[in-house]
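First comes the structure, then the notes that go with it.
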Amino acid sequence: MAIKNVLRIGDPALNMPSSPVTEDDYKKIHTIVEDMFDTMKHLDGVGLAAPQIGILKRLVIFGFDSNPRYPDAIAVPETILINPLIEPLDSSTDTDWEGCLSIPGMRGLVERPNRIRYSGTDQHGNKIDREVDGFHARVVQHECDHLDGILYVERITDMKSFGFIEELEQSQQYNPAPCDSR
126 MAIKNVLRIG DPALNMPSSP VTEDDYKKIH TIVEDMFDTM KHLDGVGLAA
176 PQIGILKRLV IFGFDSNPRY PDAIAVPETI LINPLIEPLD SSTDTDWEGC
226 LSIPGMRGLV ERPNRIRYSG TDQHGNKIDR EVDGFHARVV QHECDHLDGI
276 LYVERITDMK SFGFIEELEQ SQQYNPAPCD SR
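The following block contains the structure:
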């Protein structure tokens, strides 16, 4: 329907927690979801949270068959996830490079649980409940962080592993794994 402007780091809306999607919200959710997918695909993203387009509701989208920014990433099913809950399934973690449409041109190393269960509903109220790992789990956690006003840079433990992609590549720090995150 429409490509929306993605808020960038520094916009206070990105640091605010989102409200749950209510029954009344479902009436307008279809247009919002279409706009989010149009925006995400236009920017070659693999996920997008409603707060990134200025809508402070607990709604994320993600998924792709293939993506030019992550050519080696395994496909993630296209998903609309409303009022999500995330639960780590064990203590295993993985550290990988992340980026964000709200922080263009930059990457940082972030440690996250490797195996999670996520649940919520889709735009029709159907329940979603999945156990996932790897890149899929990282994408879901990254997008859901936005709903709590958290940007991935807040999860970086060593700021020496954060910077612009070009500079990180030149210094040979940025060496993305086949499933480079986001």
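Each residue of the sequence shown is one higher than the one before, counting from 126 in my numbering.
By construction, the Cβ of each residue, glycine as well, lies at the ideal position given by its N, Cα and C atoms.
Going by the CB atoms, is the gap between residue j and residue i shorter than 8 Å?
i	j	result
Leu235	Thr220	With the sequence shown as reference, residue 235 is identified as Val, and Leu is not the correct amino acid for it. Yes, the Cβ-Cβ distance between Val235 and Thr220 is below 8 Å.
Glu223	Tyr277	yes
Ser286	Gly250	no
Ile154	Gly172	no
Leu214	Arg183	no
Asp163	Ile205	no
Leu181	Ser143	yes
From the DSSP secondary-structure annotation, give me the bridge partner or partners of residue i.
i	result
Pro213	Ile241
Arg183	For Arg183, which the question treats as bridged, DSSP gives no partner whatsoever.
Arg232	Gly288
Ser144	Lys182
Thr246	Ile207 and Lys252
Cys225	Ile228
Going by CA-CA distance only, name the one from the options that's closest to residue i.
i	options	result
Cys131	Gly288, Cys225, Gly188 and His155	According to the sequence provided, residue 131 is Val. The question's Cys does not apply to it. Among Gly288, Cys225, Gly188 and His155, the Cα nearest to that of Val131 belongs to Cys225.
Asp190	Lys182, Leu184, Ile199 and Arg183	Ile199
Pro145	Ile207, Val201 and Ser244	Ile207
Arg263	Pro202, Arg240, Gly135 and Ile281	Arg240
Gly245	His261, Gly230, Met231 and Cys269	Cys269
Ile178	Arg280, Leu139 and Gln298	Leu139
Met141	Glu292, Pro202, Asp273 and Glu294	Asp273
Ile134	Ile275, Pro196 and Asp258	Ile275
Just mark residue i as buried or exposed, buried being the case when its beta carbon has 16 or more other beta carbons within 10 Å.
i	result
Ser306	Low per-residue confidence applies at Ser306: pLDDT is 43, beneath 50, and the placement is therefore not dependable enough to give any value.
Phe289	exposed
Pro209	buried
Arg194	exposed
Ile228	buried
Met165	buried
Gln266	buried
Does the pairing of the segment 250-261 with the segment 157-164 give three or more beta-carbon distances under 8 Å?
-> no
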